[in-house]
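Colleague: Quick one: this structure, given as structure tokens, is what I'll be asking you about.
2 protein chains.
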Amino acid sequence: MTMAKEETEKKGITAKKSENFSEWYTQIIEKTEFVGYTSVSGGLAFRPDGYFVWETVQRAIDAQFKEIGITNVYFPMLIPEHLLEKEKEHVEGFAPEVAWVTHAGKTKLDERLAVRPTSETIMYESFAKWIRSWRDLPLRTNQWNSVMRWEFKHPTPLLRSREFLWNEGHTVFATREEAEAERDQILAVYESALKNYLALPGIAGKKTDKEKFAGAEASYSIEHLVPDGWAIQGPDFHSDGQKFSKAFGIEFINKKGEKEFAYQNTFAFSTRELGTMIMIHSDDKGLVLPPPVARVQVVVVPIFTDANKEQVMKSARELAKRLGKTVRAYLDDSEAYSPGWKFHNWELLGVPLRIEIGERDIKAGKVVAVRRDTSEKCDVGLEAVENEMGKLLGEIHGNLYKRAAKFLEENTHDAKTYAELKKVIEGKHGGIAQAGWCGSVECEAKVKEETGAKITNMPFDAQKKTTGRRCAVCGKEAKFIANFAKSY
Amino acid sequence: MTMAKEETEKKGITAKKSENFSEWYTQIIEKTEFVGYTSVSGGLAFRPDGYFVWETVQRAIDAQFKEIGITNVYFPMLIPEHLLEKEKEHVEGFAPEVAWVTHAGKTKLDERLAVRPTSETIMYESFAKWIRSWRDLPLRTNQWNSVMRWEFKHPTPLLRSREFLWNEGHTVFATREEAEAERDQILAVYESALKNYLALPGIAGKKTDKEKFAGAEASYSIEHLVPDGWAIQGPDFHSDGQKFSKAFGIEFINKKGEKEFAYQNTFAFSTRELGTMIMIHSDDKGLVLPPPVARVQVVVVPIFTDANKEQVMKSARELAKRLGKTVRAYLDDSEAYSPGWKFHNWELLGVPLRIEIGERDIKAGKVVAVRRDTSEKCDVGLEAVENEMGKLLGEIHGNLYKRAAKFLEENTHDAKTYAELKKVIEGKHGGIAQAGWCGSVECEAKVKEETGAKITNMPFDAQKKTTGRRCAVCGKEAKFIANFAKSY
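Residue numbers (our numbering), protein chains in the order written: chain A, 487 to 974; chain B, 487 to 974.
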């Protein structure tokens with residue numbers, strides 16, 4: 487067992503999440519099998535465990551998109567420079583981080599091509615050709631692809647990767663009303679995917695003009711809070727109004743026979759959520775994966791001696807086979823490692839449930855189930871083990887969500903004054919300061935400059951509470967309730 | 487109806503498939519809504535109808551991959567130049583068509599990055615780190631992504647696009663035997679996807695050394711024959727042996743405790759198949775989509791006058807709703823176009839079945855169904871319309887496959903002599919000349935030079951027929967039976 491012991495020491499997470507969050511996150515990334523570094527700086531490999539999470543969430547969102555009438559498309563990954571420049575604010579937002587293709591083989595290209603940082607420009611050029619009359623609208627499309635944004639500062643795995651995977655929804659409507667009505671529909675799809683698959687709560691709201699997407703009229707987001715007290719932006723939705731349709735000539739003949747520019751939206755959900763998921767749920771033992779997105783949901787570990795090996799292995803095999811019909815089960819029948827090493831390893835990898843099965847368990851007609859989220863152990867009768875596993879997996883998911891929601895609630899503080907706001911932001915635990923805001927760029931900038939916090943968004947839920955509130959910065963009447971936090 | 491008429495004329499296919507195949511294909515691409523040109527030369531947009539075909543086949547293949555134990559991963563799209571150069575034959579095969587990223591924002595990069603033409607090099611660098619012992623094997627991974635190969639000659643939509651979508655399977659085994667056993671499993675997955683989704687028959691066989699993949703020990707392919715008599719390569723499978731594992735240091739400790747290089751395979755299925763599907767099934771009226779991959783499988787066209795509009799529309803709506811429960815149905819209730827224009831339009835777009843419903847049909851308790859593949863019309867009783875639609879869609883799919891298989895068979899000619907071989911290749915209808923081959927590079931090159939035909943592959947099925955055969959080129963004993971054809 488010498489090798490096993492050495493590997494244990496090498497593989498285990500040594501940093502504490504509560505003490506050194508960033509070192510802990512780095513070790514989680516490096517010591518689990520979720521993603522891997524490659525020799526492309528800022529470019530990650532998604533290993534089977536990591537990609538499984540992504541494809542599971544992706545399919546859930548995709549199915550919901552299809553139900554509400556959105557169809558998938560695919561556009562080229564390289565965008566000619568002249569196209570990228572068509573919408574001024576848009577290109578200014580993206581140009582500094584564009585990766586440029588300048589050569590093909592040995593030939594220098596006549597025009598540089600951008601590896602897509604986002605696809606508005608290449609898509610809308612086509613939309614202008616496809617759309618002629620109101621009968622062609624709405625055009626509701628989506629693509630699943632990867633985009634490249636060359637972050638120069640500190641690429642952080644999953645959170646600030648130079649390449650990330652996402653969905654980019656691009657829809658076109660005949661009226662502003664229809665376009666605006668899409669917002670709640672899309673945010674609901676995203677919220678349900680976050681909750682039901684990644685066990686992630688979030689705060690939905692409107693971004694400020696300063697923080698909105700380059701080229702949008704208004705942006706909306708779902709924001710998360712991670713355990714170090716910093717906020718991180720989740721999926722977003724942008725109302726583009728007629729800004730892009732005017733830049734790209736997306737006109738249609740309306741029912742009155744007149745030419746009109748169309749109304750557009752865009753929206754996205756990215757692999758950044760996988761980083762958020764890790765930060766929020768995982769612990770000092772390693773990853774904690776929500777059951778719906780865990781590639782292995784239940785691992786069966788047989789506990790045997792030389793004397794009873796045959797019998798225990800046989801029962802363990804039968805059990806794993808039975809379980810495999812209702813959950814994603816894996817039998818760890820390797821003989822090279824001790825049960826203890828295996829427990830440790832599967833905890834590191836984040837498998838939601840472990841089943842221990844030994845001679846005494848078999849005789850008693852039961853097994854021992856151990857929850858990854860709470861480390862609780864319980865006996866489960868073999869006769870109804872499938873039902874019990876399903877129930878336990880559901881409980882684990884519910885618990886992960888509840889725990890995260892509680893953390894979010896407990897760390898969102900009402901801040902009436904600037905002193906209270908600063909106390910939250912500058913406090914040891916960070917968190918969100920929810921405060922009245924007059925809506926001025928000056929007050930927003932002052933907070934940023936003096937505390938490092940930005941307005942993550944203006945939560946929909948909180949806006950009804952503006953009456954009588956004052957701006958926490960300047961003391962004038964509050965137009966909005968805004969969430970201030972340091973943000974990734 | 488003036489507008490409708492004009493659009494009809496503009497939209498219709500005017501070239502004949504049997505007379506001017508390449509002009510016909512160009513018109514199919516330009517006048518349907520399957521794909522669209524963009525301002526990136528050689529880069530296509532997959533519109534909803536086109537992307538639906540791809541995602542449907544993709545899901546079918548993906549499900550089968552998962553069943554046989556292959557898991558998905560994702561690797562960065564940019565590959566550092568030094569990595570691409572690690573396997574000599576590989577880089578020589580790809581370097582001339584690589585798109586190079588040289589700048590990020592305004593900064594010149596220290597090392598050029600290739601937009602992946604294929605991912606061996608970036609993946610195997612990681613595999614070398616992930617694999618330690620025989621317990622880590624087999625490692626069977628796959629990724630769905632897009633790759634870039636800068637074709638300078640004539641990019642042809644779908645067939646020779648500079649960017650295309652594909653699966654790239656990359657698997658690693660402890661023994662040569664296990665690696666080789668994977669071949670038939672993967673080719674069976676591809677053959678079933680081709681048959682059951684795209685209604686495409688193909689010929690599976692081994693490629694010659696001259697035609698094999700850059701860096702592989704041996705390549706295998708499924709080859710199609712399109713109506714102009716040219717062959718086109720379908721999905722392929724490559725046995726890499728230890729060539730890449732030696733270049734990238736993919737070693738493992740075997741059961742005897744010794745270090746050994748692993749055995750690898752790669753395999754791919756690409757959006758090129760969509761071009762093949764169009765060429766083989768479509769006709770002078772437009773696209774013909776196999777029912778399993780048609781976004782709209784049944785279009786309902788109500789036929790009404792001002793007097794009976796309400797009643798007919800109501801019945802048509804009810805029918806479309808009923809059908810929608812078992813097939814992908816669409817009600818074309820637009821009042822701006824005549825039924826004739828609609829028939830024409832849906833034929834152009836390739837919808838497999840059209841249902842016409844008018845007042846007399848309703849009274850008679852039936853509708854008229856029109857097949858896209860044969861233009862046959864038949865009455866279908868309303869009481870069992872769901873069953874009948876399912877049956878008809880199945881028949882259409884079966885007919886498309888049968889028709890294509892018959893064409894392939896009738897245009898594969900046994901060629902005993904060089905004269906017979908040349909007669910096939912240089913004949914008006916082209917096709918495949920199946921001939922004995924001694925296995926020499928000289929004979930292979932001579933045919934290429936003198937007739938323009940290459941060896942598409944050496945069909946598995948035909949190899950038992952070598953006994954007593956002579957090489958059609960040099961007259962020596964035949965080692966193989968090879969298929970010679972002009973090829974896209």
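Glycine included, C-beta positions come from ideal geometry on N, C-alpha and C.
With distances taken from CA atoms, which of B:Leu907, B:Lys962, B:Glu936 and B:His915 is nearest Asn969 of chain B?
Modeller: As a position in the second sequence, residue 969 of chain B is number 483, starting the count at 1. For Asn969 of chain B, the nearest C-alpha among the options comes from B:Leu907.
Colleague: Consult DSSP for Lys940 of chain B and reduce its assignment to one of helix, strand or coil.
Modeller: Here the question's residue 940 of chain B lines up with position 454 in the second sequence. Lys940 of chain B falls in the strand class under three-state DSSP.
Colleague: Is there a C-beta anywhere in chain B that falls below 8 Å from the one on Tyr560 of chain A?
Modeller: As a first step, residue 560 of chain A must be located in the first sequence, where it is residue number 74. Yes, because at least one Cβ of chain B sits closer than 8 Å to the Cβ of Tyr560 of chain A.
Colleague: Going by the beta-carbon positions, is the gap between Val779 of chain B and Leu684 of chain B smaller than 8 Å?
Modeller: The residue given as residue 779 of chain B occupies position 293 in the second sequence. The residue given as residue 684 of chain B occupies position 198 in the second sequence. Cβ distance < 8 Å, so Val779 of chain B and Leu684 of chain B count as in contact.
Colleague: Excluding the 5 residues preceding and the 5 following Phe699 of chain A in the sequence, name in chain order all residues of the same chain whose CB lies nearer than 6 Å to its CB.
Modeller: If you number the first sequence from 1, residue 699 of chain A lands on position 213. So the list reads Ser705 and His724, once near-sequence residues are dropped.
Colleague: How many Å lie between His915 of chain A and Lys503 of chain A at the Cα?
Modeller: Position 429 of the first sequence, counted from the start, is the residue given in the question as residue 915 of chain A. Position 17 of the first sequence, counted from the start, is the residue given in the question as residue 503 of chain A. Spanning the two alpha carbons is a distance of roughly 13 Å.
Colleague: With three or more C-beta pairs closer than 8 Å as the rule, is the segment 645–653 of chain A touching the segment 743–761 of chain A?
Modeller: Output reads yes: the segment 645–653 of chain A touches the segment 743–761 of chain A.
Colleague: Chain A beta carbons: is any one of them nearer than 8 Å to that of Cys960 of chain B?
Modeller: Here residue 960 of chain B refers to the residue found at position 474 of the second sequence. No, no contact with chain A.
Colleague: If I'm right that Asp840 of chain B touches Val785 of chain B with Cβ under 8 Å, what's the distance once you round it to whole angstroms?
Modeller: The residue you call residue 840 of chain B lines up with position 354 of the second sequence. The residue you call residue 785 of chain B lines up with position 299 of the second sequence. Per the sequence shown, residue 840 of chain B should be read as Arg rather than Asp. Yes, Arg840 of chain B and Val785 of chain B are in contact; Cβ-Cβ is about 5 Å, under 8 Å.
Colleague: Any residues in the segment 560–578 of chain B with a beta carbon nearer than 9 Å to a beta carbon of chain A? Which ones, in chain order?
Modeller: Answer set for the segment 560–578 of chain B: Tyr560, Phe561, Pro562, Met563, Leu564, Ile565, Pro566, His568 and Leu569.
Colleague: Out of B:Ile967, B:Phe946, B:Asp622 and B:Glu912, point me to the one whose CA is closest to Glu930 of chain B's CA.
Modeller: For the purposes of this step, residue 930 of chain B is identified with residue 444 of the second sequence, where counting begins at 1. Per the Cα distances, B:Ile967.
Colleague: Would you mind telling me which residues of chain B sit closer than 8 Å to Pro534 of chain A, beta carbon to beta carbon, in chain order?
Modeller: Translated into the one-based positions of the first sequence, residue 534 of chain A becomes position 48. Thr557, Asn558, Val559 and Thr627, listed in chain order.
Colleague: Just checking my contact of Val584 of chain A with Leu564 of chain A at CB under 8 Å: how many whole Å lie between their CB atoms?
Modeller: Indexing the first sequence from 1 puts residue 584 of chain A at position 98. Indexing the first sequence from 1 puts residue 564 of chain A at position 78. Not really, about 11 Å apart at Cβ, beyond 8 Å.
Colleague: Please list, in chain order, the residues of the segment 578–606 of chain A that have any C-beta partner in chain B closer than 9 Å.
Modeller: Of all residues in the segment 578–606 of chain A, Ala581, Pro582, Glu583, Val584, Ala585, Trp586, Val587, Thr588, His589, Ala590, Gly591, Lys592, Thr593, Leu595, Arg598, Leu599 and Val601 have a Cβ within less than 9 Å of some Cβ in chain B.
Colleague: Is Gln783 of chain B helix, strand or coil when you go by DSSP?
Modeller: Walking along the second sequence from the start, residue 783 of chain B turns up at place 297. Gln783 of chain B: coil per DSSP, three-state reduction.
Colleague: Measuring CA to CA, which of B:Ala891, B:Thr812 and B:Ile843 is closest to Pro788 of chain B?
Modeller: Looking up residue 788 of chain B in the second sequence gives position 302. Here the closest residue by C-alpha is B:Ile843.
Colleague: At a cut of 8 Å, does the segment 803–818 of chain B reach the segment 872–881 of chain B through at least three beta carbon pairs?
Modeller: With a cut-off of 8 Å, the segment 872–881 of chain B and the segment 803–818 of chain B count as touching, because enough Cβ pairs lie within range.
Colleague: Out of curiosity, what's the CA-to-CA distance linking Ala971 of chain A and Ala939 of chain A?
Modeller: Indexing the first sequence from 1 puts residue 971 of chain A at position 485. Indexing the first sequence from 1 puts residue 939 of chain A at position 453. Distance between the alpha carbons of Ala971 of chain A and Ala939 of chain A: 5 Å.
Colleague: Under 7 Å between beta-carbons, which chain B residues line up against Gly655 of chain A? List them in chain order, please.
Modeller: Looking up residue 655 of chain A in the first sequence gives position 169. Chain B residues near Gly655 of chain A: none, gap ~13 Å exceeds 7 Å.
Colleague: Determine the chain A residues that contact Gly917 of chain B at a beta-carbon separation under 7 Å, and present them in chain order.
Modeller: Reading the second sequence from its first residue, position 431 is the one you call residue 917 of chain B. None at all; the shortest Cβ gap to chain A is about 34 Å.
Colleague: Is the distance from the Cβ of Leu886 of chain A to the Cβ of Pro721 of chain A below 8 Å?
Modeller: The residue given as residue 886 of chain A occupies position 400 in the first sequence. The residue given as residue 721 of chain A occupies position 235 in the first sequence. The answer is no: Cβ separation not under 8 Å.
Colleague: Against chain A, which members of the segment 659–674 of chain B pass a CB distance test of less than 8 Å?
Modeller: Residues passing the 8 Å Cβ filter: none.
Colleague: By the criterion of Cβ-Cβ separation under 7 Å, what are the contact partners of Tyr537 of chain A in chain B?
Modeller: Within the first sequence, the letter at position 51 stands for residue 537 of chain A. Ordered by position in chain B, the residues that pass the 7 Å Cβ test against Tyr537 of chain A are Asn558, Val559 and Tyr560.
Colleague: Short of 8 Å Cβ to Cβ, which residues in the segment 819–830 of chain B face chain A?
Modeller: Going along the segment 819–830 of chain B in chain order, one finds Ser820 and Ala822 with a Cβ nearer than 8 Å to chain A.
Colleague: Can you grab the Cα-Cα spacing for the pair Glu649 of chain A / Thr757 of chain A, in whole Å?
Modeller: In the first sequence, counting from the first residue as 1, residue 649 of chain A sits at position 163. In the first sequence, counting from the first residue as 1, residue 757 of chain A sits at position 271. Taking the straight line from one Cα to the other gives about 10 Å.
Colleague: For the alpha helix (DSSP H) containing Gly884 of chain B, list its first residue and its last residue.
Modeller: Indexing the second sequence from 1 puts residue 884 of chain B at position 398. From DSSP, the alpha helix (DSSP H) with Gly884 of chain B extends over Val871 to Glu896.
Colleague: Can you tell which of A:Lys732, A:Glu709 and A:Gln671 has its C-alpha closest to the C-alpha of Pro687 of chain A?
Modeller: Looking up residue 687 of chain A in the first sequence gives position 201. The shortest C-alpha separation from Pro687 of chain A is found at A:Glu709.
Colleague: Is there a C-beta anywhere in chain A that falls below 8 Å from the one on Val526 of chain B?
Modeller: As a first step, residue 526 of chain B is located in the second sequence; it is residue number 40 there, counting from the start. Taking Cβ atoms only, chain A reaches closer than 8 Å to Val526 of chain B, which makes this a yes.
Colleague: Which term fits Glu928 of chain A, buried or exposed, when burial requires 16 or more other beta carbons within 10 angstroms of its beta carbon?
Modeller: Translated into the one-based positions of the first sequence, residue 928 of chain A becomes position 442. Classification for Glu928 of chain A: exposed.
Colleague: Taking the straight line between their C-alpha atoms, what separation do you get for Phe682 of chain B and Ser647 of chain B?
Modeller: Numbered from its first residue, the second sequence carries residue 682 of chain B at position 196. Numbered from its first residue, the second sequence carries residue 647 of chain B at position 161. The question names Phe, yet the displayed sequence has Asn at residue 682 of chain B. Going from the Cα of Asn682 of chain B to the Cα of Ser647 of chain B covers about 25 Å.
Colleague: Taking all protein chains shown into account, decide if Met487 of chain A is buried (16 or more other Cβ within 10 angstroms of its Cβ) or exposed.
Modeller: Counting from 1 along the first sequence, the entry for residue 487 of chain A is found at position 1. Residue placement at Met487 of chain A is flagged as unreliable, the pLDDT there being 31, under the threshold of 50; a coordinate-derived value is accordingly withheld.
Colleague: Do you know offhand how far Thr791 of chain B's Cα is from Trp827 of chain B's?
Modeller: Reading the second sequence from its first residue, position 305 is the one you call residue 791 of chain B. Reading the second sequence from its first residue, position 341 is the one you call residue 827 of chain B. C-alpha separation (whole angstroms): 16 Å.
Colleague: In three-state DSSP terms, what is Gln728 of chain A?
Modeller: In the first sequence, the residue the question calls residue 728 of chain A occupies position 242. Reduced to three states, the DSSP call for Gln728 of chain A is coil.
Colleague: Measure the CB-CB distance between Val658 of chain B and Leu625 of chain B and report whether it falls below 8 Å.
Modeller: Mapped onto the second sequence, residue 658 of chain B falls at position 172. Mapped onto the second sequence, residue 625 of chain B falls at position 139. Contact: yes.
Colleague: Any Cβ of chain A within less than 8 Å of the Cβ of Ser756 of chain B?
Modeller: Within the second sequence, residue 756 of chain B is the residue found at index 270, counting from 1. It does not; no Cβ of chain A falls within 8 Å.
Colleague: Between Ser731 of chain A and chain B, is any beta-carbon pair separated by less than 8 Å?
Modeller: For the purposes of this step, residue 731 of chain A is taken as residue 245 along the first sequence, with counting starting at 1. Not closer than 8 Å to any Cβ of chain B, the Cβ of Ser731 of chain A fails to qualify, so no.
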